[in-house]
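So that you can map any letter, position 128 of the sequence shown is 126 in this note's numbering, and since no number is skipped, the others follow by simple counting. Where a beta carbon is used, it is the ideal one built from N, C-alpha and C, also for glycine. Take a look at the structure set out below.
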Amino acid sequence: MMKLISVTLLAFVLISGSAQSLLIPGKNSFERKWLKNESYEMIWYLLKDTMKIDIGKVTTHISIDEKVLTMITKVSMNNVTSSWIDSTLADITTLKPIRHSSFNKQRDMVLNFGHVVTGFYHDKVKDQNTVIRDMVAVDYFDSNLYPILIRWLPLKEGYKKNIAIYDYNPSARIGVMNAGIQKVTAGTYRSIKTGVKEVWIVTVADEISNGVATYYIDKQDRRLWKQEMNTGGRTMLMIRIE
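Next up, the structure:
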């Protein structure tokens, strides 16, 4: 189904409330030195009152070659038999998205990126299949990659940026949206095994969740130690497994 033009440039400043510069894929949009093959796991917690409830685990694998960056994430929720698996391919030089596939118990989705996004969305609950053909007016990053992209930006105190991201969710919104880096400050994180780490504390709001996430990113190697999320009245936390 042909969509209308996904977004206008004005939409990108709505979250931050100011006309910050817009980040799109390109050779100078991130710091290539931080890209490397890596795998890590994070425990996902729900915070309720004074309780920290373990609800699952997120595993991330990143691999790079001369042309393509591949990222695979696996979300395993406690007491749920099947996992949520996402795969993202992006151009290694610019991080321009190539393909995104996502499979879980409720739905399957494949997106082939370009100025016309093609693919399919299969709602397993309703047994409905949608052929995707969405025209897009601007360049963008895959929404699945942008939380990782934050680690590779030239972070410093006071750094602010709006990031153009594409997301497809028929029950919410479809098209290019905004993720706004609102604040970057210097701080510390205490590793269980290696002690206190100097980190960048990065606060980000996006139009997908309509929430705010805070990332604790190691200054030395850009390792993600912790992520806090506040959305829909819920507070969640992810901690890196050491």
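Quiz item: Looking at C-alpha atoms only, which residue of T116, V78 and I41 is the closest neighbour of K103?
Solution: V78
For A184, which of L20, L235, D106 and Y157 has the nearest alpha-carbon? Y157
**Q.** Distance CB(W223)-CB(K195) smaller than 8 angstroms
**A.** yes
> Mapping DSSP to helix, strand and coil, what is I22?
Replying inline: coil
- Spell out a yes or no on whether the region 119 to 129 and the region 170 to 184 are touching, meaning 3 or more CB-CB pairs, one atom from each, closer than 8 angstroms. No, because fewer than three Cβ pairs between the region 119 to 129 and the region 170 to 184 fall closer than 8 angstroms, the two stretches do not touch.
Within a Cβ cutoff of 8 angstroms, which residues of the same chain sit near S37, ignoring the five residues on either side of it in sequence?
T57, T58, H59 and I60
- Tell me E39's beta-bridge partners as DSSP assigns them. T57
message: Going by the DSSP bridge assignment, what does K46 pair with across the sheet?
response: M49
Problem - Residues near G230 in its chain [Cβ-Cβ closer than 8 angstroms; skip 5 each side] - result: S207, N208 and G209
key: Per DSSP, cross-strand counterpart(s) of E155   = Within the DSSP secondary-structure output, E155 pairs in no beta bridge.
Exercise. If you compare alpha carbons, which of A211, A203, I161 and V115 is closest to P241?
Worked result: Since the first residue shown for the chain is -1 and the last is 240, residue 241 is missing from the structure and cannot be characterised.
How would you label F139, buried or exposed, when you count the other beta carbons within 10 angstroms and need 16 or more for buried? buried
### Message
Tell me whether the region 25 to 32 and the region 147 to 154 touch, counting them as touching only if at least three CB pairs, one residue from each stretch, are closer than 8 angstroms.
### Response
Because the criterion of three Cβ pairs below 8 angstroms is met, the region 25 to 32 and the region 147 to 154 touch.
Exercise. Once you ignore the five residues that flank V197 on each side, which residues in its own chain have a CB closer than 7 angstroms to its CB?
Worked result: Around V197: G185, T186, Y187, Y214, I215, D216, K217 and W223.
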